[in-house]
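This report concerns only the one structure given below.
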Amino acid sequence: MGITRKEVLRIFGAGAGAAAAGRWGLTAGATPVTAAEAAGATVVTRDIAVIGGGATGTYAAIRLRDEGRSVAVIEQQDRLGGHTHTYTDPATGAHVDIGVVVWHDLPLVRDWFARFDVPLEKANFDIPGQESLAVDYRTGKPVTGWTPPDPSAGLAAYAEQLARYPYLEAGFDLPDPVPADLLLPFGEFVRKYNVDSAVNMIFNFGQGLGDLLRQPTLYVFKNFGLDILRNLQVGFLTTSRHDNSELYRKARAELGEDALLCSTVVAADRDAAGHANLLVRGPSGIRLIRARKLLMTIPPKLDNLRGFDVDRTERRLFGQFRNSGYYTGVLRGTGIPDNLSIDNIAQHTPYHLPPLPGVYSISPTGVPGLHNVKYGSPGSLPAHHVKADILASIRRMRAAGTIDGSGRPEFAVFASHTPFELTVPTSAIAAGFYRELSALQGHNSTFWTGAAFHTHDSSLLWQFTESLLPRLTA
């Protein structure tokens, strides 16, 4: 049978009060907690509970421990690192990073990797003899008469406008009123400031933004910002051993039992006296985590927050988020030459941008027989739908004679990074949505970091999280 209110009060402590019991999201959890499980729950007391063990959650947990605080990291996957995902080819032992591939050249980034003795180098992903082919993935046929535009003039115009908003590098601390240009659909911004020649570059660098030309310019600026432009000049960083997940394996080893993998929160009370209570289901059963504060790093979509005692303000704000979809993987048996990158370039569309949902590109990995694929969508799609569409694109190229028809294309690995870009309508931005979102810091003993509070960029999220540490350790 499901856990009763009386039993919840007994586990969480009478000080929580009956009103709190009514807020606990027990019935919203994926699997109800039985009375027997709850009665046998192991009690774990920590200074801070970190929800999510991706790039941001892992960084926060280690830094908090360095500051002398005890932590528990609750991660639903069987590994740390989130969007940093590395495939190891069983035939060669070679590594292919299919998620996060580069970082900003910043002192914080260099110090973070040095902390775990993971050497860095300037990123260079040129494959010897690599060639590119422009193909309209809707037909599978090469696009004739098209060459990538020189983005220089467009980037200069873009950078000039972006420089007017330096505060975007630190979060969503927007002025009131919000500048009108930030609310423009990016396609209108492009025409207004003659950014046209840079659109293809921004589209391909800012993969995962969904329909780029319709997104409010604010989100494009957040994704393709000032420090991105700086690093395009000085060079991004990647790991010398070409295994970006090494950092997270070492962090996992250091965290030890403080990293609760394959675990989910099934109930929460963030209004207990002097601490928050979390009922967590994991491989070893049910644990009761008692923490002074919570740090949330997961995407704050309401579906992701099942089991948490989301209050009226949080529900109103988080319920406005919509998201794009982003997917990546490694293909084998495609018939595509090992040195060939096939870019999705559409015929008869603005700036030749491919309609989404669709593939961004299929590109060499440097490992014989393996190609990386990137796929985007304006909204969430089931993994099986994305996989089927990618394979259908390859079949169209084969039918058109664009690539060799031999071999059986299949996925060596596939990863969904969805929900990806979290956005709200321009009307909400103008009405002060992000002021209200920022005001949630510290509300209900909870602090927030992650892409929805800044941007999809590990380096910049580490900086953002660093700025929260004084409040978390106070």
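Residues are numbered in our numbering as their position in the sequence shown, beginning at 1, plus a constant of 2.
Beta carbons: idealized from backbone N, C-alpha and C, even for Gly.
Are the CB atoms of residue i and residue j nearer to each other than 8 angstroms?
i    : j    : result
T451 : Y221 : no
A293 : I50  : yes
F422 : Y328 : yes
V369 : A96  : yes
G56  : T299 : yes
D198 : H106 : no
P357 : T351 : yes
A63  : V52  : yes
L122 : L239 : yes
T86  : L463 : no
L66  : R254 : no
E77  : L263 : yes
I204 : L215 : no
E438 : L110 : no
L333 : I288 : no
T94  : S247 : no
V73  : R48  : yes
T330 : H419 : yes
G284 : S265 : yes
F320 : V267 : no
A278 : D271 : yes
Ignore the nearest five residues each way along the sequence and tell me which others in residue i's own chain have a CB closer than 7 angstroms to its CB.
i    : result
A402 : T141, G142, K143
Y362 : N206, Q209, N346, K376, Y377, G378
E69  : L471, T475
Q349 : D138, V145
G19  : With a pLDDT of only 37 at G19, under the threshold of 50, the placement of this residue in the model should not be trusted, and no figure is reported.
I129 : N341, P366, G368
L170 : F223, K224, G227
V192 : D198, V201
Q465 : L110
T90  : H97
L257 : A63, V75
Indicate, with yes or no, if the ligand NAP has a heavy atom lying under 7 angstroms from the CB of residue i.
i    : result
R254 : As presented, the structure is devoid of all ligands, the ligand NAP included, so that no description of it is given.
Assuming residue i and residue j are in contact, meaning their beta carbons sit under 8 angstroms apart, how far apart are those beta carbons, in whole angstroms?
i    : j    : result
A417 : G101 : 6 angstroms
H386 : G210 : Not really, about 20 angstroms apart at Cβ, beyond 8 angstroms.
L249 : V104 : Wrong, their Cβ atoms sit about 13 angstroms apart, outside the cutoff.
F174 : S440 : 7 angstroms
Y167 : F223 : 6 angstroms
L290 : V46  : 7 angstroms
K252 : F118 : 4 angstroms
G337 : R397 : Not quite, the Cβ-Cβ distance comes to about 11 angstroms (not below 8 angstroms), so this is no contact.
Y353 : N202 : 6 angstroms
P339 : A454 : Wrong, their Cβ atoms sit about 40 angstroms apart, outside the cutoff.
L442 : E316 : 7 angstroms
Taking only beta-carbon atoms, is residue i less than 8 angstroms away from chain B?
i   : result
D99 : Considering every chain present, this structure includes no chain B. It has just one protein chain.
In chain order, what residues of the same chain lie with their CB nearer than 6 angstroms to the CB of residue i, ignoring the 5 residues before and after it?
i    : result
N196 : A159
N126 : none
Q163 : Y195
H244 : H97
A200 : P153, G156, L157, Y160
G147 : none
F435 : V426
G212 : S326, P380
K124 : G237
D99  : T88, N246
Less than 8 angstroms between C-beta atoms, sequence neighbours within five positions excluded: which residues of the same chain meet that for residue i?
i    : result
I431 : L176, V180, L184, L185, P218, L220
G335 : G371, G409, R410, P411, E412
L135 : P144, L342, S343, I344, D345, T404
Q322 : V426, P427, A430, F435
D178 : G434, R437
Q132 : N341, L342, S343, P366
D80  : L263, C264
Per DSSP, residue i forms a beta bridge with which residues?
i    : result
N233 : In DSSP, N233 forms no bridge with anything.
L52  : As written in the sequence, residue 52 is Val, which differs from the Leu given in the question. Answer is V75, L297.
E133 : L342
E412 : R334
F449 : L297
N374 : V332, S365
V46  : I291
V267 : V282
A417 : T330
A261 : V75
Which ranges would you report for the beta strand (DSSP E) in the region 78-125 if only whole runs of at least 3 residues count? 88-90, 97-99, 122-124
At 4 residues or longer, and completely inside the region 139-213: list those alpha helix (DSSP H) runs for me, N to C. 154-164, 182-185, 188-195, 201-207
Contiguous alpha helix (DSSP H) assignments of at least 4 residues, all confined to the region 299-325: 314-320
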